[in-house]
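S.K.: Dropping the structure in here first, questions after.
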Amino acid sequence: ALETIGFFPVPPDEAGTAGLTLWMPPALYVPKSGNNLMNVLDFLDFVAGPQGCAIVARSVRKIRPLIADCGPHVDVPPALRNLDRYLLDPQRHTFALEFLTPLKGPSLEQICIALGLGVIDAGEAARRYDRDIERRALE
Numbered sequence: 007a008l009e010t011i012g013f014f015p016v017p018p019d020e021a022g023t024a025g026l027t028l029w030m031p032p033a034l035y036v037p038k039s040g041n042n043l044m045n046v047l048d049f050l051d052f053v054a055g056p057q058g059c060a061i062v063a064r065s066v067r068k069i070r071p072l073i074a075d076c077g078p079h080v081d082v083p084p085a086l087r088n089l090d091r092y093l094l095d096p097q098r099h100t101f102a103l104e105f106l107t108p109l110k111g112p113s114l115e116q117i118c119i120a121l122g123l124g125v126i127d128a129g130e131a132a133r134r135y136d137r138d139i140e141r142r143a144l145e
């Protein structure tokens, strides 16, 4: 069944502008104040290089690392290969709001659901989100 399933984003209003909202893939984070910073940076270079990409591709096989030099998906179901046209072009993807905002209001999920269902429009969703964040910041 996996060989017969593909991927495409929700069709946009304007043809040719389809994009993808991404949940961030796993990442490696390093504190700037570590004792072995140069060793850690060397390790990160390895992970982001051809050998590291190959190891991740063999081990994980779910989604390619979001590193341009890692190349496209290979030996994976078509749906994952279809993602590459969006993953490899920064103009065709954006990250989910959870990764772009330092504060998340408690009502974010409900606001997104109401917007997705068409209960509210984008302007109203933005106003509700701004109020939600303002309340969170004041707490």
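If you number the sequence shown the way the numbering used here does, the last residue is 145 and the count never jumps.
For glycine and all other residues, C-beta sits at the position ideal for the given N, C-alpha and C.
#1: Go through its chain and collect everything with a Cβ distance to Asp75's Cβ below 6 angstroms, but skip five positions before and after it.
#2: Could you give the distance in angstroms between the alpha-carbon of Ile126 and the alpha-carbon of Tyr135?
#3: What does the Cβ neighbour count give for Tyr92, buried or exposed, with the cut at 16 atoms within 10 Å?
#4: Determine, using beta-carbon pairs with one atom in the stretch 39–58 and one in the stretch 7–20, whether at least three such pairs fall under 8 angstroms.
#5: From Ala102 to Lys110, what does the alpha carbon distance come to, in whole angstroms?
#6: Specify the secondary structure class of Phe52 as computed by DSSP and reduced to three states.
#7: So the candidates are Asp95, Arg98, Asp138; which of them puts its Cα closest to the Cα of Gln116?
#8: Whole angstroms is fine: what's the gap from Pro112's alpha carbon to Cys118's?
#9: So, helix, strand or coil for Leu34, using DSSP?
M.R.: Walking through what the data contain:
#1: none
#2: 12 angstroms
#3: buried
#4: no
#5: 12 angstroms
#6: helix
#7: Asp138
#8: 12 angstroms
#9: coil
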